[in-house]
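Student: This structure is in structure tokens; I'll ask about it shortly.
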Amino acid sequence: MFEPPIVIAQMALGAIAYSLYAGLYGICIWTLLSRRKSHYLWHICMTTLLYISVTAFFMFTIAALFVVKFQDDVKVTSACEVFMVISHVQADIILIHRCFMIWERKKTVIILPLLTLVATFALGLTVALRFGFTYSAFLIGIRGIWIRNEPLILGFYCSSFLTNIIVTGTMAYRLNRLAQFVGGRLASGYKVVFALIIESGIAYSFIILLVLCSFIPLMIKDTLSWEDIHNGFVYVLVLASGITPTLLLVRVAMGTSISDIQNSVLPPQDREAGQDSEIPGLQSAGLCVEVNTHYRSNCSNNELPVLDISP
């Protein structure tokens, strides 16, 4: 069973981190409801489902700390694993949807990410169910779980990592091309969004790598300290799966958007050349971008770049 100081530390840190996420979720929902941009209901539904999954994971995790019977522990721990997998998949769905909208609903762009997403869900759910129906963590330890499910666990984290790298890279490529297309000072806004996407994707992928690396010592020696370190990384990863997409929406909504950058870099005569109008399709991916009519007049409708990542 877990030692009291470790239990207290895990609960305290988890409560603090979860409180921050809960506050962030509240800000995100309030922003989406107050602005009511296109597809805001989609973002509300997905962020809410993600929040529920992360909450359920931490509720079952706390319950597992106080469960004594092996049979009950297996059920509770299996539930933790299931909600961890669900939170991963939901975060990836939000990411893939954003990529889909940035690429103007081109289905071919998301074929590979969807395949890796299905693989992530299938592998993760298989590990969770095998863990629940076969054995208890108290009987064989994390190292035993790793040995019996090594290919599945590796496949789960690697496919999740691959999904994030592919989608992040695809969106970054598109944003970079759009920045080159519009050129001039207006491109600064696209570069800001480019930085937000890269920052979010790299941070989440890096945490996945940390979880994978934490398994290496467990393959060599099964110790309580390394199990605690591994569990800590898993908790961080689940929180990151909820915080990353939610934080991106909040950051853009709080002012980090291309339209704000445009107003700060364009000269007054260009800003006043006509009323700002949004590029078709820009609202649906969750980002808000506006292009001044002075610049729209230089392009045909078919050439207009499309981008949308803020509520």
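Our numbering numbers the first residue of the sequence shown as 84 and each following residue consecutively.
Note that CB positions come from ideal geometry on N, CA and C, so glycine has one too.
As the structure is a prediction and not an experimental result, all values here were calculated from the model.
Cα-Cα, which of V333, N259 and V321 is closest to D175?
Tutor: V321
Student: Please look up how many angstroms separate the CB atoms of S297 and I248, rounded, as I've assumed it's under 8 Å.
Tutor: With a contact defined as Cβ atoms closer than 8 Å, S297 and I248 miss out at about 19 Å.
Student: Can you check which of these residues, I135, C241, A139 and H122, is closest to L412 by C-alpha distance?
Tutor: Residue 412 is absent from the structure shown; the chain starts at 84 and stops at 394.
Student: Could you tell me the distance, in whole angstroms, from the CA atom of S243 to the CA atom of I285?
Tutor: 13 Å
Student: Roughly how many angstroms separate the alpha carbons of G97 and S136, rounded to a whole number?
Tutor: 15 Å
Student: Going straight from the alpha carbon of A92 to that of L132, what length do you get?
Tutor: 28 Å
Student: So L178 and T209 are supposed to be a Cβ contact under 8 Å. How far apart are they, rounded?
Tutor: That belief does not hold up - the Cβ atoms of L178 and T209 are roughly 23 Å apart, past 8 Å.
Student: Using the Cα positions of A162 and H122, report the straight-line distance between them to the nearest angstrom.
Tutor: Distance between the alpha carbons of A162 and H122: 31 Å.
Student: Flag this pair as yes or no: are the beta carbons of C182 and T329 separated by less than 8 Å?
Tutor: no
Student: When the Cα of S283 is compared with those of A255, Y101, P300 and A139, which residue comes out closest?
Tutor: The option with the nearest alpha carbon to S283 is A255.
Student: Would you report the Cα separation of T251 and L200, rounded to the nearest angstrom?
Tutor: Rounded to whole angstroms, the separation of the alpha carbons of L200 and T251 is 14 Å.
Student: Rounded to a whole number of angstroms, what is the C-alpha to C-alpha distance between K442 and A146?
Tutor: Here the chain comprises residues numbered 84 to 394, so residue 442 is not present and cannot be evaluated.
Student: To the nearest angstrom, report how far apart A278 and A262 are at their CA atoms.
Tutor: 12 Å
Student: Among E187, S170, I299 and L103, which has the Cα closest to the Cα of E233?
Tutor: I299
Student: Any chance you could list the alpha helix (DSSP H) runs of at least 4 consecutive residues sitting entirely within the stretch 139 to 207, in chain order?
Tutor: 153 to 185
Student: Looking at C-alpha atoms only, which residue of I99, Y318 and L115 is the closest neighbour of L332?
Tutor: L115
Student: Rounded to whole angstroms, what is the Cα-Cα separation between Y318 and W186?
Tutor: 33 Å
Student: In chain order, what residues of the same chain have a beta carbon less than 6 Å from the beta carbon of P196, not counting five sequence neighbours either side?
Tutor: Excluding positions up to five away in sequence, the list reads I179, T246, I249 and V250.
Student: Measure how close the beta-carbons of Y134 and Y101 come, nearest whole angstrom, since I'm counting them as under 8 Å.
Tutor: Between Y101 and Y134 the Cβ distance is about 10 Å, and since that is not below 8 Å, they are no contact.
Student: Below 8 Å between beta carbons: does that hold for S324 and S117?
Tutor: Between S324 and S117, the gap from beta carbon to beta carbon reaches 8 Å or more.
Student: Determine the DSSP secondary structure at G252, reduced to helix, strand or coil.
Tutor: Helix, per DSSP.
Student: Give me, in chain order, the residues of the same chain whose beta-carbon lies closer than 8 Å to that of I291; leave out the 5 immediate sequence neighbours on both sides.
Tutor: Y240, S243, F244, N247 and L320
Student: From A205 to G267, what does the alpha carbon distance come to, in whole angstroms?
Tutor: 46 Å
Student: Determine, using beta carbons only, whether V165 and A211 come nearer to each other than 8 Å.
Tutor: yes
Student: Buried or exposed: where does L258 fall if 16 or more other Cβ atoms within 10 Å of its Cβ makes it buried?
Tutor: buried
Student: With 16 other CB atoms within 10 Å as the buried threshold, where does I194 fall?
Tutor: exposed
Student: Determine the burial state of K189: buried for a count of at least 16 other Cβ atoms within 10 Å of its Cβ, exposed for fewer.
Tutor: exposed
Student: What's the gap between the Cα of L295 and the Cα of A105?
Tutor: Distance from the CA of L295 to the CA of A105, rounded to the nearest whole angstrom, comes to 27 Å.
Student: Taking just the CA atoms, how far does I281 sit from A426?
Tutor: In this structure the chain extends from 84 to 394, so residue 426 is not present and cannot be described.
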